[in-house]
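In our numbering, the protein residues as written are 1 to 286.
No residue lacks a Cβ here, since even glycine has one placed at the ideal position from N, Cα and C.
Down below is the structure, laid out as structure tokens.
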């Protein structure tokens, strides 16, 4: 099992690739914004989001040097425990037998089902102070996905651990993370797309924007990342059309990136009142 130093060194070595990936995403989503809104509006919205983007970039950089190495060790430890204690509920040979494409489709679907319920748990009163950091971005863009508290990031490990117990091979676990992560960028994009009929199956930027709306009926809905069918099935689907409501949260997160990192600790240590139940922290049926 690697040490924290090994995991940190790996994270540092990945930085050039991460930067290239983010720049490619920035170019792709700028092109989408121009296609959806026109060049003048796209650049104006990007300029308006500059401060929120700066906070996202700082939190993403901190994540790369601290949270990512820690989660790498957690993943290695979890995988070792699953194998050593025989916690797999399905034989790995099962997925080899059905082939890579069915395996990839299955793990993304099951992973999104697990992520749906984990996301609902993150909207519970005790976990909300950490998840509220992600919701505090008032100018939602694709890069808002990077605004994540370490507690939130660690919570996502639960999905992977459960998938590992189902016997999915390591490559499939990685594929699930990659697909759901990059689709997460897409649904956070600042474009008003509902995906039309495809929206009956897949989550859309418009659908997820309602999830980030502040103080209105839809903000306690739309918890899935990839498949809207889970929200439809469990009564949390809400999309009356493109969202034009204010985004963010009621809570005062504090100043800048560090203030956001410390906000959950201030709540949990009772240094400031716990957030009251709001549409952003209650699960509501559409």
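DSSP places residue 171 in the uninterrupted alpha helix (DSSP H) bounded by 170-188. In this structure, the straight-line span from the alpha carbon of residue 67 to that of residue 61 is close to 10 Å. Residue 171 sits exposed, since fewer than 16 C-beta atoms from the chains shown fall within 10 Å of its C-beta.
With fewer than 16 other Cβ atoms from the protein chains shown falling within 10 Å of its own Cβ, residue 181 counts as exposed.
Around the beta-carbon of residue 50, fewer than 16 other beta-carbon atoms lie within 10 Å, marking it exposed. For residue 79, the CB contacts under 7 Å within the same chain, skipping 5 residues up- and downstream, are 164 in chain order. Proximity of the region 108-115 to the region 15-28 falls short of the contact definition, fewer than three beta-carbon pairs being nearer than 8 Å. By the beta-carbon neighbour count (other beta carbons within 10 angstroms, threshold 16), residue 209 is buried.
Taking residue 121 as the centre and dropping the five residues before and after it, the same chain places the C-beta of 127 closer than 7 Å to its C-beta, in chain order. Around the Cβ of residue 142, a 10 Å sphere holds 16 or more other Cβ atoms; the residue is buried. As the crow flies, the alpha-carbon of residue 225 is around 6 Å from that of residue 184. Annotated three-state conformation of residue 43 is helix, per DSSP. Between residue 245 and residue 213 the beta-carbon gap is near 4 Å, inside 8 Å, which marks them as a contact. Residues of the same chain with a CB within less than 7 Å of the CB of residue 202, apart from the 5 flanking positions on each side, are 195, 226, 227 and 228 in chain order. Using a 10 angstroms sphere on the CB of residue 148, the tally of other CB atoms reaches 16 or more, which defines it as buried. Just measuring C-alpha positions, the residue of 136, 125 and 69 sitting nearest residue 53 is 136. Residue 160 is positioned such that its CB atom lies closer than 8 Å to that of residue 75. Residue pairing by DSSP places residue 49 opposite no residue, since no beta bridge is assigned to it. Comparing alpha-carbon positions, the option among 55, 33, 44 and 69 lying closest to residue 10 turns out to be 69. Runs of alpha helix (DSSP H) with 4 or more residues, each lying fully within the region 194-241, are found at 205-211 and 229-233, listed in chain order. In the same chain as residue 144, and ignoring 5 residues on each side of it, the C-beta atoms closer than 7 Å to its own belong to 56, 137 and 188, in chain order.
Excluding residues up to 5 positions away in sequence, 139 lie with their Cβ nearer than 8 Å to the Cβ of residue 48 in the same chain. Rounded to whole angstroms, the gap between the alpha carbons of residue 30 and residue 42 is 7 Å. Under the 10 Å beta carbon count, residue 190 is surrounded by 16 or more other beta carbons and is classified as buried.
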